[in-house]
Structures are given as structure tokens and as C-alpha cells.
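Engineer:
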Amino acid sequence: MDFRTKLILPPSKYKIHHKDAILLLGSCFIENMSARLMSAGFGVDVNPFGIVYNPSSMGELLRFLMSEEMMKAEDLFLSEGLYHSFSHHSEFSNFNMDKALQNMNCRLLNSRLFLKKADVLIITFGTAYAYSLKSTGSMVSNCHKLPDKLFYRRRLSIDEIVVEWQVLLAYMRRINPNLRCLFTVSPIRHLKDGLHENSLSKSTLLLAVDALVQDNDFCTYFPAYEILLDDLRDYRFYAEDMLHPSAMAVDYIWNIFSQSFFDQGSLSLISEWGSLQKRLQHRSFNPYSQQHKEFVLATKNKIEAFLQKNPSFKRK
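Here the sequence shown stands for residues 1111 to 1426, numbered as in the numbering used here.
1. For the beta strand (DSSP E) that Asp1155 lies in, which residues bound it at each end?
2. Specify, as a first and last residue, the run of the beta strand (DSSP E) that Ser1242 falls within.
3. Can you tell me where the alpha helix (DSSP H) holding Gly1433 begins and where it ends?
4. Taking only the alpha-carbon atoms, compute the straight-line gap between Thr1314 and Gly1191 and give it to the nearest angstrom.
5. Any chance you could list the alpha helix (DSSP H) runs of at least 4 consecutive residues sitting entirely within the stretch 1280-1328, in chain order?
6. When we look at the beta-carbon of Asp1341 and count the other beta-carbons within 10 Å, is it buried (16 or more) or exposed?
7. Would you list the one or two residues that DSSP bridges to Arg1264?
8. If I'm right that Met1207 touches Leu1186 with Cβ under 8 angstroms, what's the distance once you round it to whole angstroms?
9. Should the stretch 1221-1228 be regarded as contacting the stretch 1113-1128, the criterion being three or more beta carbon pairs within less than 8 angstroms?
10. With contact counted as at least three CB pairs below 8 angstroms, one residue from each stretch, are the stretch 1294-1311 and the stretch 1332-1349 in contact?
11. By the 10 Å Cβ neighbour count, where 16 or more other Cβ atoms means buried, how is Phe1205 classified, buried or exposed?
12. In the structure shown, what three-state DSSP assignment does Leu1407 receive?
13. Taking 7 angstroms as the limit between beta carbons, can you name the residues of its chain near Thr1115, skipping five residues before and five after?
14. If you measure between the beta carbons of Met1168 and Met1214, is that distance less than 8 angstroms?
15. Chain D beta carbons: is any one of them nearer than 8 angstroms to that of Ile1298?
16. Rounded to whole angstroms, what is the Cα-Cα separation between Glu1350 and Ile1285?
17. For Phe1235, write down the residues that DSSP places opposite it in a beta bridge.
18. Report the rounded CA-to-CA distance for Glu1274 versus Ser1166, giving the unit in angstroms.
19. Would you report the Cα separation of Ala1183 and Val1162, rounded to the nearest angstrom?
20. Kindly indicate which three-state DSSP category Leu1342 falls into: helix, strand or coil?
21. Identify, in the order they occur along the chain, each residue of the same chain with its Cβ nearer than 6 angstroms to the Cβ of Asn1308, setting aside the five sequence neighbours on each side.
22. Using 10 angstroms around the beta-carbon of Phe1113, count the other beta-carbons present and answer buried if the total reaches 16, otherwise exposed.
23. To which residues of the same chain is Glu1141 closer than 8 angstroms at the C-beta, ignoring the five residues directly before and after it?
24. If we ignore side chains and look at the alpha-carbon of each, how far apart do Leu1386 and Lys1410 end up?
25. Would you report the Cα separation of Lys1424 and Lys1244, rounded to the nearest angstrom?
26. Check for me: the alpha helix (DSSP H) holding Ile1431 runs from which residue to which?
27. Quick one: Cα of Ser1196 to Cα of Val1323, how far?
28. From Lys1209 to Tyr1193, what does the alpha carbon distance come to, in whole angstroms?
29. Could you spell out where the alpha helix (DSSP H) holding Ser1221 opens and where it closes?
30. Answer with buried or exposed for His1392, where buried requires no fewer than 16 other C-beta atoms within 10 angstroms of its C-beta.
31. If you drop the 5 nearest sequence neighbours on each side, which residues of the same chain put their C-beta closer than 6 angstroms to that of Ser1251?
As C-alpha cells, then:
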């Protein structure tokens, strides 16, 4: 008797190769996936504005990324000694306004160029709840711990998300006709919304993504949400906060993702690189011995030969 509901994912309708440039945008779960992609030797750019959670904010930031606009002094505000942007995560905030703008615009320019040549865009929606400034009505990606009274909060509708992203996807394909999109919904619960509200939010995202994938043949879906909640569904697969997936769970999700989306050539490269990494992590009983010195030299030569043979592999 089988005591679990194991998710069997068929091979994806398109494959990801090491030669592909991959842009990732979304919630903190996307940070987990991007870290593993980088470790596996893929060329990636992740969250040029920092972590973003809701589809409308992501759409606004992508439109900004595809424009010719730059961040300006009037786009920043001062709070508790730091200059912030409502479009950026606090990792971009700085006590010096010029440095904050420099960091934001440098990242913006690099990611703008990256998007134009990107082969794959991976999007992870985290929540359907969005915030906007009462004073201007403009959408914000980060409230930077300002008082709640300054913002409107509401749940985006399925139709809102679908309509906005249909237009956005069409525009991105005009700029980059070869771009393929991979959607996921973050398996991380947003408990500050409440359990019922979180369920409504995730359902909204799942239905919106399904509509987008059905209407666009260059889009596909990876069920990270279902893998954690329906396949693993056990507290031992969660971190100490009981919300985020544990390292073991992320590894499990990554393995399913790899087997579904990577071609055999990329899987072989990852396996070979893993063997080389194990050699690097080898601890010698006597690091001063001739045998160890020869082992280190042989490992170095193997890595150099591997990288020379596989120029599409990006060493982290």
C-alpha cells in the first residue's frame, strides 16, 4: 500500500539548456531556485528590484525594465535615515541618496540588457494581495515598514491578473521573440493574510496562471506549490518557522524540476560538476603530504579542463 500521494511530473514541453540566459522574478522562493541554478552552472539574473510578491507589482516592474526610464531622486523617499524606493526591496536602500540611485540604476541597466537576450523568464507569484499608496494610488512593491494607514490593501482578481499579464507577455515577445516563460506559485504560506485569506490568494494565483498558460504556447507551469503541499505535506519538510520549505524540501523540488526541464546534456554536466565539487570538499588527514598536493593539482586540472570543454557552464 502506498501511503503518500506522489506527484509524477511528465517532461516539460520545452527544455532548459546551459546555453540559455535565465531571468527570475518573484517571491523569496525564487531565491532558492536561482541559487541552485547558479550552483548548477546556469547563467541567471534574479530579481533586479529585489524580492517581489504580487503579480501586479511584478508586471509594473517588468514594464519599467522594458522601458528606457531610469530611477530619479524624486522616486526615493527618506525614512529612518535611509533612502528607499517603493519599487525596490530594502536591500537597495542606502543612507546616501546618490549611492542608492547608483545601485538601483546599475542593476536596472544590466537586467534591461539581460532581458532582451534572455531565453527563459521564470516567474513566481507569492500572493494576490497588493498594496497601493493612498496619496497617489500607485502600486508599491515594498511598504518599507511605513504605517498601514498610508496604504490600501486588496486582493487582485483572477481577471485583473490575466488581462494585465496577457498584454505584458505579448509585449515581451515583441521585444524578445524567443523568450519562453515558466510560471510557478510559491508554496510559502502568507500567514499575515490569515489562513483562509491565504488559501483564497493562492487559488487566485493558480487560476490566473492556468489561464495564461492555456492561452500562450510559449508559457508553461511548474507545480512547486503542489509538490510541497500535496506530495510532501509534512512538517518535517518545513523550516523552523513552519512556513518556508526546508533545505531538504527545496532539494526535492529542485530534483523534480531538473528531471522535467533539463535536457540530458545539462543533466550530465550537472552530474560531472557535482563530482568535481566533491573533490574540492575532500578533507585530507595530512594537507602537507605529497599525495594531497598531487590530488589538489589533479582536481584543479580537471576543473580547468571541464570549464574549457563546456564554455556554456557558468562557474559560480
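Where is the CB? At the ideal position from N, CA and C, for every residue including glycine.
It should be emphasised that the depicted structure is a prediction, and the values quoted were computed from it without experimental measurement.
Structural biologist: Reading from the atomic positions:
1. Gly1153 to Val1156
2. Judged by DSSP secondary structure, Ser1242 falls within the beta strand (DSSP E) whose first and last residues are Tyr1239 to Leu1243.
3. Within the shown structure, residues of the chain are numbered from 1111 to 1426, placing residue 1433 beyond reach of any answer.
4. Going by the C-alpha atoms only, they are around 38 angstroms apart.
5. 1305-1325
6. buried
7. Ala1240
8. 6 angstroms
9. no
10. yes
11. exposed
12. helix
13. Asp1340 and Asp1341, listed in sequence order.
14. no
15. Given the protein chain composition of this structure (a single chain), no chain D is represented.
16. 43 angstroms
17. Val1295
18. 8 angstroms
19. 22 angstroms
20. helix
21. Within the same chain, Arg1299 and His1300 come within 6 angstroms of Asn1308 by CB-CB distance, once the 5 residues on both sides are set aside.
22. exposed
23. Val1156, Asn1157 and Ile1161
24. 9 angstroms
25. 45 angstroms
26. Only positions 1111 to 1426 of the chain appear in this structure, which leaves residue 1431 out of reach.
27. The sequence shown places Phe at residue 1196, rather than the Ser named in the question. Between Phe1196 and Val1323, the C-alpha separation is close to 30 angstroms.
28. 9 angstroms
29. Met1207 to Lys1227
30. Exposed: under 16 other Cβ atoms inside 10 Å.
31. Val1162, Ser1167 and Ser1197
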